[in-house]
Amino acid sequence: MTTTPKLPNWFDISMDAWALAAESNMVIAMRIGSLAQGGPDAAREAERMVTEKVAANIALGCDLISGKLGSSPEAIVSGSIAHYSERVVANRKRLSK
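2 is the number of the first residue of the sequence shown in the numbering used here; add one for each residue after it.
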C-alpha cells in the first residue's frame, strides 16, 4: 500500500515562517555587532553575507524552476522556508562560536 505524502498545512507553514523570522533576527543582531566593530573581519563578514544571499536566491530559483519544491502553493512555500532556514541556522551557529 502506497500513501501520498501529506502536504504541509498553512498553520505549520506559518509556524516555520515565524521560527525563520526569529532565527533571522538573531543572525542580524550578531552581524550588526560584528560589522559595527569594523576592520578586516567585518569586511569579510559583509562580503560573505552578500555572497551567501545571492547564492541562496539563485539556488532557490533553480529549485523553483526545476519543480524540486513541488507544484502546490503549500509545498512551494514550505520548501522555500526550509531552504532559507538551513542557511540561517548555519549562520547562527557559526556566528555563535
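Using N, Cα and C, we set each Cβ at its ideal position, and we do this for glycine too.
From a predicted model like this one, the values you see are computed outputs, not experimental measurements.
Quick check: what's the CA-CA separation for residue i versus residue j?
| i | j | result |
| --- | --- | --- |
| GLY68 | GLN38 | 43 Å |
| ASP42 | LYS98 | 14 Å |
| ARG88 | ILE29 | 13 Å |
| ASP13 | ARG45 | 36 Å |
Check this for me: beta carbons of residue i and residue j, under 8 Å apart or not?
| i | j | result |
| --- | --- | --- |
| LEU8 | ALA76 | yes |
| MET16 | LEU96 | no |
| SER81 | LEU61 | yes |
| GLU24 | VAL78 | no |
Would you decide whether residue i is buried or exposed? Buried here means 16 or more other CB atoms lie within 10 Å of its CB.
| i | result |
| --- | --- |
| ASN10 | exposed |
| ASN92 | buried |
So does the stretch 38-51 actually touch the stretch 65-79, counting three or more Cβ pairs closer than 8 Å?
-> Touching, no.
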